[in-house]
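S.K.: Residue numbers for the sequence shown follow our numbering, beginning at 54 and rising by one. Glycine is no exception: its CB is placed at the ideal position from the N, C-alpha and C atoms.
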Amino acid sequence: MSETIFSRIIRGELPCHRLYEDEHVLAFLDIFPLSPGHTLVIPKQAVATLDQLSDDASAAIGRVLPRLCRAVMAATGVSDYNILQNNGAAAHQAVFHVHFHIIPKPSAEAGLGIGWPAQKLGDSDGQDMAEKIRGQLK
Ligand code: 5GP
């Protein structure tokens, strides 16, 4: 369990602009939006990273996330958007309670900017890595 500022928002101890709430999920506006409509979708289960989230909480987020995206798109009139989900400080996570960002992308300059230092996957590297990951899924 990790107690963060989001636990206090869930309990209503801190204010937020609430958009949606059910048994497992809360959605509210980000206090420092990258673009108008920037929304945070969080499970009520207080865990730091996505890999720690229960199946029930994950399913509840999955059920409502597309509906929230549609609402943000309709409200902002912006059809392009990014879903961002950071895990760990090195991956730019600042609040250690799982959250999904819905970030409208109104123009090339506004919204989320992404560095993408891609390199072509070699055949044997791909085979080795796929084997390792498949092994962990068993
Ligand atoms: P992270 O970098 O952890 O993925 O993003 C955390 C997000 O939470 C940031 O975009 C930040 O603006 C937002 N945030 C941090 N504290 C608060 C708060 O008290 N209220 C709201 N609404 N958003 C917050």
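#1: Taking the alpha helix (DSSP H) that Arg-61 belongs to, which residues open and close that run?
#2: Which ranges does the beta strand (DSSP E) cover as unbroken runs of at least 3 residues, wholly within the region 59-106, from first to last along the chain?
#3: Unbroken alpha helix (DSSP H) runs of length 4 or more, entirely within the region 100-174: which are they?
#4: Would you call the CB atoms of Ile-95 and His-150 closer than 8 Å?
#5: What distance in whole Å lies between the Cβ atoms of Leu-67 and Ile-58, which are believed to be in contact at a cut-off of 8 Å?
M.R.: Taking the structure as given:
#1: From DSSP, the alpha helix (DSSP H) with Arg-61 extends over 58-63.
#2: The region 59-106 contains these whole beta strand (DSSP E) runs: 71-74, 78-82, 92-96.
#3: Taken in chain order, the complete alpha helix (DSSP H) segments of 4 residues or longer contained in the region 100-174 are 108-129.
#4: A contact, by the Cβ cut-off of 8 Å.
#5: Taking a contact as a CB-CB distance under 8 Å, the pair Ile-58 and Leu-67 counts as one, their CB atoms being some 7 Å apart.
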